[in-house]
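So the protein lines, in turn, are chains Z and H.
Residue numbering for the first sequence follows this note's numbering, beginning at 1 and increasing consecutively.
Residue numbering for the second sequence follows this note's numbering, beginning at 1001 and increasing consecutively.
From the three backbone atoms N, C-alpha and C, an ideal C-beta is built for every residue, glycine too.
Treat the numbers as computed from the prediction; the structure is a model and nothing was measured.
For reference, the structure discussed in these notes is given below.
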Amino acid sequence: MSKKILITEDSPTMRAMICATLEALGDFDIFEAANGFEALRLLPRESFDLVITDINMPDINGLELVSFIKRNDQYKTIPLVIVSTEGSERDREKGLKLGANAYLVKPFSPEELQKLVEKFLE
Amino acid sequence: MTEKSSQAIKEFLGEAEEILENLSADLMELGETMETGDANPDLLNSIFRGAHSLKGLSGMFGFVDIADLSHQLESVLDGLRLGKVNLDRVLIDTLFEALEILGRLVHGKGESSDYTIDVSPVVKNLEDMLKGKADQGRDDPFADLDIDRSVLDVLTEYEEHRLLENLKKGRSLYRVVASFQLATFDTDLAEVTELLKKDGEVISTLPSSDNCSEDAIAFQILVGSALGFEEIGALVARENLRVEKIGHKGKKPQAAAPAVPASRSTEQPAGKTGDATASMRSISRMVRVDIDKLDVLMNIVGELVIAKGTIGELSERLKHEGHTLGGELVKATRILERRLAELQKGVMEVRMVPISQLFDKMARVVRRMAGEVGKKISLEIRGAETELDKLITEDLSDPLLHIIRNAIDHGIEPPDIRLAAGKPEIGRIGLYAMQKGNHVVIEIHDDGRGIDGEKVRRKAIDRGLIDENAELSQEEIFELIFLPGFSTADKVSELSGRGVGMDVVKNNISALSGMVEISSRLGEGTTMVITLPITLAIIKALIIRVRDKEFAIPITSVMETLMIERPAVRTIEGREVIELRQSTLPLLRLSHLFNYPPVVDEGQNPFFVVVVGMAEKRLGLVVDELLGQQDVVIKPLGNVLSFVRGFAGAAELGNRKTILVLDVGSLMSESIRGEMSLNV
């Protein structure tokens, strides 16, 4: 069965690019959420193998989503990668402290993302 | 990521354009709040996020120039939202300058991905804004507060700043804990946050699944508000929601009290929760579509309409000839016709966009130009939600820009002259849109110096456009402005005198089957009214015959049709008119207009008049026969025939015959000037 990946990102173009990068890597079931709310809706519906999320999003920020996932017994083992532009060092530290498994800085190369995905989906 | 498909680049450009448009609108709003004082933190954050997204995107696409500039823009905006950079006029101007260059870059990349501009001067300006505004190291400023670590841990740097700002303002902090059903949590949460925002600021919203049933989700909303504990409680009182005041350590916080007893069941009726698939379907409801694809779709619908016309005609013929299936075929065609009309309407609706997209651009122009020419101008926009075909909106951009430029450059007077004339120092430009039936009316009004009719008349005489003794009404005089090469400005200015006159404006609007009218009062101001059809492409038309040729008149312009007896026609100043319900209706004989040789019995029999109207004007077109209504697909005449006036395009009829579609707007304005003839 192909692995399920959830991408939470408010930019449609960025979402499409991440999807394309992942699709080039293998046969994944990719779910897209345009904001934190959509991610919260999707989480109980599927058993995800990886979550990729942005930080700067309206309503619910990426850190809040990380906290939700990592504090929930059902989801906390799902590997989680934060993808965001280099910005506040503190936000990045917080993300990792909250339990994010990796932090990828935009712009990233497809290889960087693919490497991380391979690492977490082994 | 360097090698990108052109499709991906297109998508990038689409999103980048959207981000820039929103940024620009938000910046305008920010500029206004600057004058009133308190900037809205949500607005600041939204502006920051726009720049942030653009930076991320352009970086991924390898557009270094856009990435560099948006990076710097983001830094300044981050400083602004964190209170490290002051909001002032210089900052706003610099931000607008950066946006303009970003806009040019994005536009340029659309033409060629190698397009670039040197962004270093504006990057430097932005850097200067940040100088000396280094972050002062802070100890944990929340150590003293009685806030749950789990809440503090998820605050971004910006949210931390907002929390401190709220404390600084002397507001109280509250934690609102609410649980909602998974099926409806987003709308429920939005309801609560909207209420809270009325009298405070929502700092953070942390979702949690603690103490919740499987199909529910809880949120901890951190709010800063000047309201008291009781008031906040009353404001958001609802089931499964409680408010807690967050106090300072050592002080006893107010007792946590549920606004409504939480003991009530969190369960909802089973039917309301919805199943998994239903929820899955409800996400990502928006699709971005290339307008070219919609054009293809529209063309197909157009072809179908023509095909339906042919089938309709054939089935009528079969029925007429007594074939048994003829009648059933006619019925089937009716059903096809209805469905086709729905399809056409559906495709049309997808193409509709609010005119605010265009008005926002104009607002930017007014803002920028007013500063450049040293005038003070306020812009009033009404009816920005009015919808118009996307393509019409695009083609309207240049004419509208020209009119606005004219209003700023020639219309509104400099502040000293205005004051001397007893007018308020700040000039006013009004930009209004409204839908009237199948038309959209756009009005551009300024309270400037107005147009000097006498000056216009003199100029027209000097240029040999009218005779020295010609007696023209005020309306006719203003119409002269639309003649090629006519300019009311004594000298050509940098702003509006770019070799483009009002004739181009008029032609552009005519090309959209619209019309433009001017009215003006010297010293009081000028109003231009543009009337446009909501949509082009497929229209219902009245097919008429003039001699042996058929023509189509868009039904939206047809007010009524009359049969007129010859004696009813009178002549005023050499022009034929009839009396219609106590008003005088000028007639235009299409056979004269098209230079057909006169026929012998002309002047004997009754004849048909099609009364057409646009805006407030009426005109009677004299035709030989009315052939009935039909859907037609208008195709443009193309570049070779672009000089031909009076026709909106060509249309194919169901019987494969191609006929010309009359452009009522231009016929009406040309007929006001008289002396018009067209060769067909």
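Beta-carbon separation (whole angstroms), residue i vs residue j, contact threshold 8 angstroms
i                 : j                 : result
Leu98 (chain Z)   : Tyr75 (chain Z)   : At roughly 13 angstroms, the Cβ-Cβ gap does not stay under 8 angstroms, so Leu98 (chain Z) and Tyr75 (chain Z) are not in contact.
Glu1443 (chain H) : Val1529 (chain H) : 5 angstroms
Ser1204 (chain H) : Val1154 (chain H) : 7 angstroms
Leu1532 (chain H) : His1439 (chain H) : 6 angstroms
Val1106 (chain H) : Glu1017 (chain H) : 6 angstroms
Val1301 (chain H) : Val1347 (chain H) : 6 angstroms
Leu1206 (chain H) : Ser11 (chain Z)   : The pair is not a contact, with the Cβ atoms about 23 angstroms apart (cut-off 8 angstroms).
Val1546 (chain H) : Asp1467 (chain H) : With 8 angstroms as the limit, Val1546 (chain H) and Asp1467 (chain H) do not qualify as a contact, their Cβ atoms being about 31 angstroms apart.
Lys1375 (chain H) : Pro1424 (chain H) : Their Cβ separation, rounded to whole angstroms, is 12 angstroms, which puts Lys1375 (chain H) and Pro1424 (chain H) out of contact at 8 angstroms.
Leu1588 (chain H) : Ser1671 (chain H) : 5 angstroms
Ile177 (chain Z)  : Phe48 (chain Z)   : The first residue shown for chain Z is 1 and the last is 122, placing residue 177 (chain Z) beyond what the model contains.
Val1609 (chain H) : Ile1564 (chain H) : 5 angstroms
Paired residues, beta bridge with residue i - DSSP
i                 : result
Leu80 (chain Z)   : Z:Val51
Ile1377 (chain H) : H:Gly1427
Ser1075 (chain H) : Per DSSP, none; premise fails for Ser1075 (chain H).
Gly1008 (chain H) : One point to set straight first is that residue 1008 (chain H) is Ala, not Gly, in the sequence displayed. Ala1008 (chain H) is not bridged to any residue.
Ile1553 (chain H) : H:Leu1542
Ser1204 (chain H) : H:Leu1222
Arg1618 (chain H) : H:Gly1613
Phe1607 (chain H) : H:Ile1564
Ala33 (chain Z)   : Z:Thr8
Tyr103 (chain Z)  : Z:Ile82
Gln1357 (chain H) : In DSSP, Gln1357 (chain H) forms no bridge with anything.
Ala1650 (chain H) : H:Lys1635 and H:Leu1660
Leu1388 (chain H) : H:Val1353
Leu1626 (chain H) : H:Ile1544
Arg1382 (chain H) : H:Tyr1432
Ile1217 (chain H) : H:Phe1180
Residue burial classification, residue i (beta-carbon count within 10 angstroms, cutoff 16)
i                 : result
Gly1464 (chain H) : exposed
Asn1605 (chain H) : exposed
Asp54 (chain Z)   : buried
Val1236 (chain H) : buried
His967 (chain H)  : Any property of residue 967 (chain H) remains undetermined from this structure, which presents chain H solely from 1001 to 1680.
Phe1180 (chain H) : buried
Ser1378 (chain H) : exposed
His1320 (chain H) : exposed
Ser109 (chain Z)  : exposed
Ala1276 (chain H) : Residue confidence for Ala1276 (chain H) is low, a pLDDT of 41 falling below 50, so the modelled location carries little weight; the figure read from the coordinates is stated next. The residue is exposed, with fewer than 16 neighbouring Cβ atoms inside 10 Å.
Asp1663 (chain H) : buried
Asp1409 (chain H) : buried
Arg1281 (chain H) : The predicted position of Arg1281 (chain H) is uncertain, since its pLDDT is 41 and thus under 50; a value taken from the coordinates is nonetheless stated next. Per the 10 Å Cβ criterion, exposed.
Val1456 (chain H) : buried
Option nearest residue i by Cα separation, candidates the options
i                 : options                                       : result
Leu1077 (chain H) : H:Ser1378, H:Leu1027, H:Leu1195 and H:Ser1113 : H:Leu1027
Ile7 (chain Z)    : Z:Arg92, Z:Leu113 and Z:Met1                  : Z:Leu113
Ile1404 (chain H) : H:Gly1501, H:Ala1421, H:Glu1342 and H:Asp1467 : H:Gly1501
Asn56 (chain Z)   : H:Glu1337, H:Ile1300, H:Gly1450 and H:Thr1156 : H:Thr1156
Leu1627 (chain H) : H:Val1611, H:Leu1358 and H:Leu1542            : H:Leu1542
Arg1750 (chain H) : H:Phe1229, H:Gly1448, H:Ile1291 and H:Glu1035 : A question about residue 1750 (chain H) goes unanswered here, because the residues of chain H that appear run from 1001 up to 1680.
Val117 (chain Z)  : Z:Leu50, Z:Glu89, Z:Asp73 and Z:Ser109        : Z:Leu50
Ala1407 (chain H) : H:Gly1450, H:Asn1299, H:Arg1382 and H:Ala1384 : H:Gly1450
Val1632 (chain H) : H:Glu1652, H:Glu1616 and H:Val1640            : H:Glu1652
Lys1436 (chain H) : H:Gly1383, H:Pro1484 and H:Ala1420            : H:Gly1383
Val1305 (chain H) : H:Arg1338, H:Gly1079 and H:Asp1462            : H:Arg1338
Val1661 (chain H) : H:Lys1549, H:Leu1619, H:Glu1560 and H:Ser1671 : H:Lys1549
Ala1039 (chain H) : H:Ser1356, H:Arg1162 and H:Phe1096            : H:Arg1162
His1071 (chain H) : H:Ile1392, H:Leu1102 and H:Leu1044            : H:Leu1102
Glu1380 (chain H) : H:Ala1363, H:Arg1049 and H:Ile1659            : H:Ala1363
Ser1356 (chain H) : H:Ser1669, H:Glu1413, H:Ser1397 and H:Thr1187 : H:Ser1397
Ala1460 (chain H) : H:Leu1130, H:Pro1484, H:Lys1635 and H:Val1441 : H:Pro1484
Ser1666 (chain H) : H:Glu1517, H:Gln1629, H:Glu1328 and H:Thr1526 : H:Glu1517
Lys1131 (chain H) : H:Ser1112, H:Tyr1596 and H:Gly1079            : H:Gly1079
Val1119 (chain H) : H:Asp1065, H:Pro1554 and H:Ile1426            : H:Asp1065
Asp1088 (chain H) : H:Met1614, H:Thr1033 and H:Asp1199            : H:Thr1033
Exercise. Hey, which unbroken runs of the beta strand (DSSP E) at 3 residues or more fall wholly within the region 1556 to 1604 of chain H?
Worked result: With a minimum length of 3 residues, the continuous beta strand (DSSP E) runs that stay inside the region 1556 to 1604 of chain H are 1558 to 1564, 1570 to 1572, 1575 to 1580 and 1583 to 1589.
For this session: Counting only runs of 4+ residues fully inside the region 1396 to 1477 of chain H, write out the alpha helix (DSSP H) ranges in chain order.
Result: Taken in chain order, the unbroken stretches of alpha helix (DSSP H) that lie wholly in the region 1396 to 1477 of chain H and span 4 residues or more are 1415 to 1420 and 1453 to 1462.
For this session: Please specify which runs of the beta strand (DSSP E), each continuous and at least 3 residues long, are wholly inside the region 1508 to 1550 of chain H, giving them in chain order.
Result: If only uninterrupted beta strand (DSSP E) runs of at least 3 residues are considered, those enclosed by the region 1508 to 1550 of chain H are 1515 to 1521, 1525 to 1533 and 1538 to 1546.
Problem set entry | Those runs of the alpha helix (DSSP H) which lie wholly inside the region 1051 to 1109 of chain H and span at least 4 residues | Assignment of alpha helix (DSSP H) within the region 1051 to 1109 of chain H, counting only whole runs of 4 or more residues, yields 1064 to 1081 in chain order.
Problem set entry | Whole alpha helix (DSSP H) elements within the region 1284 to 1322 of chain H, 4-residue minimum | Runs of the alpha helix (DSSP H) inside the region 1284 to 1322 of chain H: 1291 to 1320.
Problem set entry | Runs of alpha helix (DSSP H) wholly within the region 1114 to 1172 of chain H (minimum 4 residues, chain order) | Runs found: 1120 to 1130, 1149 to 1153 and 1157 to 1168.
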